[in-house]
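Undergrad:
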Amino acid sequence: MTQSLQIFTSATRSPGISLSKHSLSKPSPSTAAFRFPLSFTKSSIRASSSPDSNPLSSAFTSQVLVSENGSTGGGGALSSSVTREFVPVMSDSTAIEVDTVTEAELKENGFRSTRRTKLVCTIGPVTCGFEQLEALAVGGMNVARINMCHGTRDWHRMVIERVRRLNEEKGYAVAIMMDTEGSEIHMGDLGGASSAKAEDGEIWTFSVRAFDSTLPERTINVNYEGFAEDVRVGDDLLVDGGMVRFEVIEKIGPDVKCLCTDPGLLLPRANLTFWRDGHLVRERNAMLPTISSKDWLDIDFGIAEGVDFLAISFVKSAEVIKHLKSYIAARSRGSDISILAKIESLDSLNNLEEIILASDGAMVARGDLGAQIPLEQVPLVQQKVVQLCRQLNKPVIVASQLLESMIEYPTPTRAEVADISEAVRQRSDALMLSGESAMGQYPDKALAVLRNVSLRIEKWWREEKRHEPMELPEVGSSSSDSILEEICNSAAKMANNLEVDAIFVYTKTGHMASLLSRCRPDCPIFAFTETTSVRRRLNLQWGLIPFRMSFSDDMENNLNKIFLLLKARNLIKSGDLVIAVSDMLQSIQVMNVP
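1 is the number of the first residue of the sequence shown in the UniProt record's numbering; add one for each residue after it.
#1: Is any beta-carbon of chain D found at less than 7 Å from that of Ser359?
#2: Tell me which residue opens and which closes the beta strand (DSSP E) that Cys121 is part of.
#3: Express the C-alpha separation of Arg245 and Leu136 in angstroms, rounding to a whole number.
#4: In its own chain, which residues sit with a C-beta less than 6 Å from the C-beta of Leu190, not counting the 5 before and 5 after it?
#5: Give the single residue among Leu431, Gln586 and Leu237 whose Cα lies nearest to the Cα of Ala362.
#6: Hey, quick one: how far does the beta strand (DSSP E) through Met363 stretch, first residue to last?
#7: With His323 as the anchor, note down where its alpha helix (DSSP H) starts and where it stops.
#8: Can you grab the Cα-Cα spacing for the pair Leu357 / Arg390, in whole Å?
#9: Give me the Cβ distance between Val505 and Ser582, rounded to the nearest whole Å; I'm assuming they're in contact under 8 Å.
#10: For the alpha helix (DSSP H) containing Ser514, list its first residue and its last residue.
#11: Three Cβ pairs or more, each shorter than 8 Å: is that satisfied between the region 484 to 497 and the region 442 to 460?
#12: Quick one: grab the DSSP three-state call for Asp240.
#13: Just the Cα atoms here: how many angstroms apart are Pro395 and Pro443?
#14: Using the Cα positions of Arg162 and Ser478, report the straight-line distance between them to the nearest angstrom.
#15: Could you tell me which residues DSSP pairs with Pro546 in its beta bridges?
#16: Using beta-carbon positions only, say whether Ala175 and Asn560 come within less than 7 Å of one another.
#17: Helix, strand or coil: which one does DSSP assign to Thr72?
#18: In chain order, what residues of the same chain have a beta carbon less than 7 Å from the beta carbon of Ser23, not counting five sequence neighbours either side?
#19: Nearest by alpha-carbon distance to Arg276: which of Ile483, Pro524, Asp236 and Glu319 is it?
#20: Counting pairs of beta carbons, one from the region 175 to 189 and one from the region 207 to 222, are three or more of them closer than 8 Å?
#21: Report the rounded CA-to-CA distance for Gly264 versus Gly367, giving the unit in angstroms.
#22: Is the beta carbon of Ala371 closer than 7 Å to that of Gly242?
#23: If we call anything under 7 Å between Cβ atoms a contact, is Val578 one with Val500?
#24: Would you kindly work out how many angstroms separate the C-alpha atoms of Gly226 and Arg451, rounded to a whole number?
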């Protein structure tokens, strides 16, 4: 006999689902598997039990495992009896794709040791080689970011091709994010130099003129033609969010002479902001378009190359995101590129909720943000954006200066470690390295610091605050969306209460996996999808371990199949307790692996 719990809902949103007063404990490996299917119709709540039916379709009995190294594994199907033994499968083939590093972690350390926070690495001159990219993937990189502020499109195309080759040949699922430059005021390319050092007391010239030959010493091009007209003597000029500070001391035609008051490293195409009497001068920036003519060409490039994410700089309103989505849909029908809004300006903060609702995710770009608001407000804004994104079911990346010192030094400052810890404790989906991995001397060590700190803080969170209150507002716009949310919320609560080893979710679009990630359960979430692009996109979201495999609308079939495949690869074992949900069948099933 199979135990089942059936939930019947009225036309309105169903109440919370709770367990009976008879508490459930984690069954031993010898315990029979239990299932709790949740079917939704218009009536009242009742519980029932029904005889087991044969869980297999005739098609399943012909499937056999093919592992990534080409070897074949035996397996079997579950019988219709209560004991459910495996029977051999004979012919045809099927496969499952899982990230190589994740597979190794699962085998070595088990379910609960897996890292939940995802890691994004900006690719630059020191990490663009195939071997360097593979080292980052081995170190835990989930998303490779290319920054269109630097490099040519041919160079970026080369990086994209190498990441794809890495995925195909080595079994990774590294997603690709393309970051637009934006139309804010920024410096030129420093005449081809990778960087320049500004020392205290030096006089530098910021000019809008075009130089036919090599730039004169201590001269910087500015992309905004009205720059010399808008700044005034006495204004403070901040480079890259305040990493270097100058004071305007003289204006001579198209040239602006500036005194370096806070020394630092100048990087090509860094953003420029200027302050007057303690206030940001932003009138001209506010008039510039969010997406420049160069950005549109870069976006066309990203669409053609099939990147997974587009991160849009200096988003001012939701209309920009909506317009871009319409443009992508018209240019590439069927495209599933996700749009991330970079929160890095006063305009984005003034329209924050509308921007995040229109986007597919957000990035807290703290460097440029810190140049437009008082520094002491940045931590509060970061927490607000992270919480809002979670409430609205949008992935969020915390970026900029996480390990800035590791551009030059092999170990981080203790303050940087504390900063990373706070971002992990806020339950951010992902953390991002910028210059640390693009041009730093120790990219692998910087990534290792992110990984190790994330793992330790996540472990502490589970040990000290196991059942986080989940007060998440409804985000669905239809009754079916509300039902999916209720299923995911209930599955996450049951996973915490029963201390299950993992949640399995079968999803074609990734939406249900995203809803589960939003709940931040204690256990990892195995997300099974049929599409390679969906699998890569899920690699950005907290707690998700994405697999690619083919599956049917028959939930029993899918479970039996996945048990065979994962057991053959030693990723699960008999007795493991799992919860299974699906966006194809509105149900929750709780069972031990046979």
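Glycine included, each C-beta is placed from N, C-alpha and C at the ideal position.
The model shown is predicted, which means the values in this text are computed figures rather than measured ones.
TA: Looking at the coordinates:
#1: Any reference to chain D falls outside this structure, which holds one protein chain only.
#2: Lys118 to Thr122
#3: 33 Å
#4: Ala196 and Pro268
#5: Leu431
#6: Gly361 to Ala365
#7: Ala318 to Arg331
#8: 11 Å
#9: 7 Å
#10: His511 to Cys519
#11: no
#12: coil
#13: 24 Å
#14: 42 Å
#15: Ala527
#16: no
#17: Note on Thr72: pLDDT 36, under 50, position unreliable in the model; the coordinate value appears next. Thr72: strand per DSSP, three-state reduction.
#18: Caution applies to Ser23, whose pLDDT of 37 falls short of 50 and renders its modelled position unreliable; the model cannot decide the point.
#19: Asp236
#20: yes
#21: 14 Å
#22: yes
#23: yes
#24: 44 Å
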